[in-house]
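Asks: One line per chain: the protein sequences are A and B, in this order. The first sequence begins at 21 in the numbering used here and counts up by one. The second sequence begins at 37 in the numbering used here and counts up by one.
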Amino acid sequence: MPYSAETFVGLIPEIIAAIFLLLVLMVGVFAERAAGLVSGITALGTVLIFASSAWLLASGFHGSFFGGGYVVDGFALYFKLVVAGSAFFASLAATRWAQGTGDATEYLTLILSVVLGALLLVSMRDLFGVFLALELATIPSYAMVAFDRSRRESAEGGMKYIITGAVASSVLLYGIVLIYGASSSANLSGVAKAFSSGHASPVALLGLILLLSGFAFKVSAAPFHFWTPDAYQGAPTSAAAFLSVAPKAATFAILLRILVEGMPGEARVWTAIAAVLAIVTMFTGNLFALRQSNVRRMLAYSSVAHSGYVLTAFAALQGGAKAEAVQAVMIYSAAYAAMNLGAFLVIDLVGEDTKSFNGLIRTRPMVAASMFLFMAALVGIPPLSGFWGKLWIIIAGTGSGSILTYVTVGVLVVNTVLSVPYYFGIVRNMIFEEPVAGTGETKGEGPLKFSVYALAIITVLFFIIIIPLAAVAGSSGLL
Amino acid sequence: MTLGLVQQMSYGALYLYVGLFMLLVAGFVSAVLMLARMLSPSRRSASKSKVYETGESSVTDPWRPFPVRYYVFALLFLIFDVETAFLYPWAVIYRTLGVYGFVEMVVFVVILAAGLVYAWKKGALKWV
Numbered sequence: 021m022p023y024s025a026e027t028f029v030g031l032i033p034e035i036i037a038a039i040f041l042l043l044v045l046m047v048g049v050f051a052e053r054a055a056g057l058v059s060g061i062t063a064l065g066t067v068l069i070f071a072s073s074a075w076l077l078a079s080g081f082h083g084s085f086f087g088g089g090y091v092v093d094g095f096a097l098y099f100k101l102v103v104a105g106s107a108f109f110a111s112l113a114a115t116r117w118a119q120g121t122g123d124a125t126e127y128l129t130l131i132l133s134v135v136l137g138a139l140l141l142v143s144m145r146d147l148f149g150v151f152l153a154l155e156l157a158t159i160p161s162y163a164m165v166a167f168d169r170s171r172r173e174s175a176e177g178g179m180k181y182i183i184t185g186a187v188a189s190s191v192l193l194y195g196i197v198l199i200y201g202a203s204s205s206a207n208l209s210g211v212a213k214a215f216s217s218g219h220a221s222p223v224a225l226l227g228l229i230l231l232l233s234g235f236a237f238k239v240s241a242a243p244f245h246f247w248t249p250d251a252y253q254g255a256p257t258s259a260a261a262f263l264s265v266a267p268k269a270a271t272f273a274i275l276l277r278i279l280v281e282g283m284p285g286e287a288r289v290w291t292a293i294a295a296v297l298a299i300v301t302m303f304t305g306n307l308f309a310l311r312q313s314n315v316r317r318m319l320a321y322s323s324v325a326h327s328g329y330v331l332t333a334f335a336a337l338q339g340g341a342k343a344e345a346v347q348a349v350m351i352y353s354a355a356y357a358a359m360n361l362g363a364f365l366v367i368d369l370v371g372e373d374t375k376s377f378n379g380l381i382r383t384r385p386m387v388a389a390s391m392f393l394f395m396a397a398l399v400g401i402p403p404l405s406g407f408w409g410k411l412w413i414i415i416a417g418t419g420s421g422s423i424l425t426y427v428t429v430g431v432l433v434v435n436t437v438l439s440v441p442y443y444f445g446i447v448r449n450m451i452f453e454e455p456v457a458g459t460g461e462t463k464g465e466g467p468l469k470f471s472v473y474a475l476a477i478i479t480v481l482f483f484i485i486i487i488p489l490a491a492v493a494g495s496s497g498l499l
Numbered sequence: 037m038t039l040g041l042v043q044q045m046s047y048g049a050l051y052l053y054v055g056l057f058m059l060l061v062a063g064f065v066s067a068v069l070m071l072a073r074m075l076s077p078s079r080r081s082a083s084k085s086k087v088y089e090t091g092e093s094s095v096t097d098p099w100r101p102f103p104v105r106y107y108v109f110a111l112l113f114l115i116f117d118v119e120t121a122f123l124y125p126w127a128v129i130y131r132t133l134g135v136y137g138f139v140e141m142v143v144f145v146v147i148l149a150a151g152l153v154y155a156w157k158k159g160a161l162k163w164v
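(1) Could you tell me which chain B residues have their CB closer than 8 Å to the CB of residue 46 of chain A, listed as they occur along the chain?
(2) Rounded to whole angstroms, what's the CA-CA distance from residue 402 of chain A to residue 408 of chain A? Just pull it up for me.
(3) With which residues is residue 399 of chain A paired in a DSSP beta bridge?
(4) Are residue 413 of chain A and residue 438 of chain A closer than 8 Å when you measure CB to CB?
(5) Kindly indicate if chain B contains any beta-carbon less than 8 Å away from that of residue 49 of chain A.
(6) With distance defined between alpha-carbon atoms, name the residue in A:310, A:159, A:308 nearest to residue 238 of chain A.
(7) For residue 484 of chain A, count the other beta carbons within 10 Å of its own beta carbon; 16 or more makes it buried, fewer makes it exposed. Which is it?
(8) Give the interface partners of residue 115 of chain B over in chain A, defined as CB-CB distance under 7 Å, in chain order.
(9) Just to confirm, is the Cβ distance from residue 265 of chain A to residue 129 of chain A under 8 Å?
(10) Give me the Cα-Cα distance between residue 20 of chain A and residue 134 of chain A, rounded to the nearest whole angstrom.
(11) Using a cut-off of 9 Å between C-beta atoms, extract the partners of residue 42 of chain A located in chain B.
(12) If you run the structure through DSSP and keep just helix, strand and coil, what is residue 88 of chain B?
(13) Looking at the strands, I want to know which residues DSSP matches up with residue 84 of chain A.
(14) Please look up how many angstroms separate the CB atoms of residue 105 of chain A and residue 347 of chain A, rounded, as I've assumed it's under 8 Å.
(15) When you compare each of A:335, A:86, A:323 to residue 143 of chain A by their alpha carbons, which one comes out closest?
(16) By Cβ distance below 7 Å, which residues in the same chain neighbour residue 176 of chain A in space, the five residues on each side in sequence not counted?
(17) Between the Cα of residue 110 of chain A and the Cα atoms of A:269, A:259, A:40, A:404, which residue gives the shortest distance?
(18) Which chain A residues sit within Cβ distance under 9 Å of residue 84 of chain B?
(19) For residue 162 of chain B and chain A, any beta-carbon pair shorter than 8 Å?
(20) Taking only runs that begin and end inside the segment 79-162 of chain A, name each unbroken alpha helix (DSSP H) of 4 or more residues, in chain order.
(21) Within its chain, find whatever has a CB closer than 6 Å to the CB of residue 115 of chain A; leave out the 5 residues flanking it on each side and keep chain order.
(22) Check each candidate in B:104, B:147, B:102, B:126 and name the one with the smallest Cα separation from residue 137 of chain B.
(23) Any idea what DSSP makes of residue 207 of chain A, helix, strand or coil?
(24) Taking only runs of the alpha helix (DSSP H) that begin and end inside the segment 420-445 of chain A, which ones reach a length of at least 4 residues, in chain order?
(25) Can you tell me whether residue 26 of chain A is buried or exposed? The criterion is at least 16 other CB atoms within 10 Å of its CB, across all chains shown.
(26) Which stretch, first to last residue, makes up the alpha helix (DSSP H) that contains residue 326 of chain A?
(27) Could you tell me the alpha carbon to alpha carbon distance between residue 105 of chain B and residue 443 of chain A, rounded to whole angstroms?
(28) Nearest by alpha-carbon distance to residue 196 of chain A: which of A:272, A:29, A:294, A:152 is it?
(29) Per the contact definition of three or more C-beta pairs closer than 8 Å, is the segment 115-124 of chain A in contact with the segment 263-280 of chain A?
(30) What's the gap between the Cα of residue 131 of chain A and the Cα of residue 430 of chain A?
(31) In terms of residue numbering, what span does the alpha helix (DSSP H) encompassing residue 147 of chain B cover?
(32) Tell me the rounded alpha-carbon separation between residue 96 of chain B and residue 163 of chain B.
(33) With the cut-off set at 8 Å, would you say residue 393 of chain A and residue 479 of chain A are in Cβ contact?
(34) Just the Cα atoms here: how many angstroms apart are residue 37 of chain B and residue 220 of chain A?
(35) Going straight from the alpha carbon of residue 428 of chain A to that of residue 171 of chain A, what length do you get?
(36) Excluding five sequence neighbours on each side, which residues of the same chain lie with their C-beta closer than 7 Å to the C-beta of residue 332 of chain A?
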């Protein structure tokens, strides 16, 4: 028997996601007028996924299924919480826009498909399973980017995303196949044997480099970031918000699992690659973000820079600070999810032009205050969420004992300063500029505003959340 | 004798054969193409450079929008095509799989059926 009762318990979040995916599609297609009902079902589904993952995490569930190719541990469940949480806020925020297009059902189904892919992805322990789950999360996201048929940029962004994404997927798959060929196993424990000696075969190393390149594309690390600004600018705002957070966190999680569980013997090689990628990514993201006049495009470059910050934690996965580095990735993902999702959703409320933020403090003080918090958190000002992520990365980096990692951490600090002008440029516009016409409230913003305020509260109260978060991250079971 | 030679060669050197064949193929293709270009007579005329429409002369400009309805049908056909590809091997070992196999296939078919219901309800099966 290839399954047991335990399998079903461990797979509850994924089963819920799959059932709600079908439910949303069927309800939406038979009750065409009830777009609100469909949105409600989607939100309920994400809440149930969150609750079941939290229950599994609280009960200390740990299991490995399907011949060791699928694992449910603290690490995976933590990221399932991040994915489900951001999906909840994204689906609430998407409601108004999606209902306006008349295709709310399809849009929410796509969100749930990405969620299902991301949930499966973080639990994979088999390289081909990783590829399948990653594609399940990526292919709906192409459609989400191209979903806004009223704007030409949406189709353009989607086209650029799908073509470059297909190339990246094939590079990733080629890397996986080479690793499989070199180690004659796609399971991470089998892969670890091939990489354990410290001098892996050239084929295996080529596979590792191709795998890292494919993943660098998926998390939009420079020099594989070029699709990000166009895709995020073209995408509907709620899609850009969701895609820059949930699939990205899951992709970082599985990359961390592959590297830590599958290739500990070659840590010297991949920490060096991660350090170089991180340095290039941080500078690229921040320097390009400085020059943007479109806030959405600026946040796209900012998300590139934040990928660089997370990659710094990957570079620190050596020496005596491995546990801190894993914790840093976990904490940064949660912190980034709250602040970045919030910042994108404020754009959905206000507008994507820098000018539309002018004088917001007078016209809509609450929204302006939320945006201020998100911007300050993205810079990393204590005690907001971004600060804790960066703090953990710096702690891990200084404990790593590698000169290249020290340099990377130094670059991170420099880049934090570099990022201040463009984040606080928005704040300056909100406070000192004269308001422009047409930034007032519109109807049906309730769920969107709820999401923004809730995320702002999470961003502020992160110094309380960090205590249980650090405890969970510390006992994740990955190291 | 050849077999003995092959056995003596290392595994990596055997790839030389693959490389040799690739060169051979590339050389053959380019040689044939060049030969055809050199030997064939080239007499151009207006009727020869027309779009080939199985002997008929084309009546309109072919570069115009056309309905994508056919592709929707092709996609829907694909659902059942894939379903059959999975159902055949499943049916062969159905007895050994038992209830587990039955439930698995029901889940699969239900998901596919949901896709069909969606397409049907959206009017994809209507030929206008």
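Ideal Cβ placement from N, Cα and C applies to all residues, glycine included. Please read all numbers here as calculations on a predicted model, not as lab measurements.
Replies: Checking against the coordinates, here is how it stands:
(1) 150, 153, 154
(2) 8 Å
(3) In the DSSP output, where bridge partners are listed per residue, residue 399 of chain A has none listed.
(4) no
(5) yes
(6) A:159
(7) exposed
(8) The premise fails here: residue 115 of chain B is roughly 14 Å from chain A at the closest Cβ pair, so nothing lies under 7 Å.
(9) no
(10) Past the edges of chain A, shown from 21 to 499, lies residue 20 of chain A, and the structure says nothing about it.
(11) 146, 147, 150
(12) coil
(13) A:91
(14) The Cβ separation is near 18 Å, so there is no contact.
(15) A:86
(16) 250, 254
(17) A:259
(18) Within chain A, no residue comes near residue 84 of chain B; the closest Cβ sits about 36 Å away, beyond 9 Å.
(19) no
(20) 94-121, 124-141
(21) 59, 467
(22) B:126
(23) strand
(24) none
(25) exposed
(26) 315-335
(27) 48 Å
(28) A:152
(29) no
(30) 37 Å
(31) 130-157
(32) 24 Å
(33) yes
(34) Here the model assigns residue 37 of chain B a pLDDT of 48, short of 50, so the residue's position is not dependable and the matter cannot be decided.
(35) 40 Å
(36) 298, 413, 417, 428, 429, 432
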